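*Asks:*
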Amino acid sequence: MKDKVRIVKTTSENRDFVNLIKALDKSLWERYPELKADYWGNNILELNPNVIILYLEDKAVGCGCFKKYDQNSIEIKRMFISAEVRGMGLAKSVLQELENWAQDLGYSSSVLETLYKQKEAIALYQKAGYLIIDNYEPYIGLENSICMRKQI
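Residue numbers 1 to 152, in the UniProt record's numbering, belong to the letters of the sequence shown in order.
1) Assess contact between the segment 90-110 and the segment 54-73, defined as three or more Cβ pairs (one per stretch) separated by less than 8 Å. Is contact present?
2) In its own chain, which residues sit with a C-beta less than 7 Å from the C-beta of N144, not counting the 5 before and 5 after it?
3) Helix, strand or coil, according to DSSP, for K9 in the structure here?
4) Can the beta-carbon of T10 be found closer than 7 Å to that of V51?
5) What are the boundary residues of the beta strand (DSSP E) that L105 is part of?
6) Put I122 into one of helix, strand or coil per three-state DSSP.
7) Out of E113, K119, Q118 and L54, which has the shortest C-alpha to C-alpha gap to I133?
8) What is the rounded straight-line gap between the Cα of V5 and the Cα of A91?
9) What three-state label does DSSP hand K4 in the structure shown?
10) Could you check the C-alpha separation between Q151 and S109 for me, to the nearest Å?
11) Taking the alpha helix (DSSP H) that E30 falls in, what are its first and last residues?
12) Cβ atoms of S12 and L48: under 7 Å apart, would you say?
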């Protein structure tokens with residue numbers, strides 16, 4: 001399978017990324033319809049030069065990106081793997097690639113936020129060395145959010 005996987009560094013303007021994010025948003029709002037009002041403002045697709053797209057047999061099936069959080073840290077955003085290819089270890093590849101890219105740019109830690117029903121994502125992040133931390137802005141007071149941090 002690994003010979004059929006290709007990871008591409010791109011920007012948030014990439015059409016495949018935009019389409020994957022539409023699928024991510026759809027899945028989140030289906031799973032958490034009650035939270036849309038609380039989280040919609042945190043869910044805006046900004047211009048981002050640090051985007052990864054994962055292709056399997058030339059089909060875009062996964063993505064992730066990061067943005068600067070503070071002087072030494074990045075924040076992982078928009079991690080998504082299409083439902084039909086989950087469980088194949090592809091999310092781990094996307095996360096690793098994002099962390100490596102951030103390291104190459106001089107960052108030493110990573111933070112992220114996910115929602116409490118994302119059990120598979122939480123397990124992935126913990127297996128990758130992320131620890132649950134107190135919620136950071138803009139997630140302070142949002143009890144459905146799980147915030148995590150890792151030294152990279």
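Built from N, CA and C at the ideal position, the CB exists for glycine as well.
As the structure is a computational prediction, the values presented were derived from the model and not from experiment.
*Replies:* Short version:
1) Judged by Cβ distances under 8 Å, the segment 90-110 makes contact with the segment 54-73, as three or more pairs qualify.
2) Hits under 7 Å: L35, L115 and Y116.
3) DSSP places K9 within a strand segment (E or B) once states are collapsed to three.
4) It is a contact, given that the beta carbons lie within the stated cut-off.
5) Counting along the chain, L105 falls outside any beta strand (DSSP E), and DSSP gives it neither H nor E.
6) Helix at I122.
7) Relative to the Cα of I133, the nearest Cα in the group E113, K119, Q118 and L54 belongs to E113.
8) Near 12 Å, if we compare the C-alpha coordinates of A91 and V5.
9) Under the three-state reduction of DSSP output, K4 falls in the helix class.
10) Cα-Cα distance, rounded: 4 Å.
11) For E30, the enclosing alpha helix (DSSP H) begins and ends at R15 to R31.
12) The question names Leu, yet the displayed sequence has Asn at residue 48. With contacts defined by Cβ atoms closer than 7 Å, N48 and S12 form a contacting pair.
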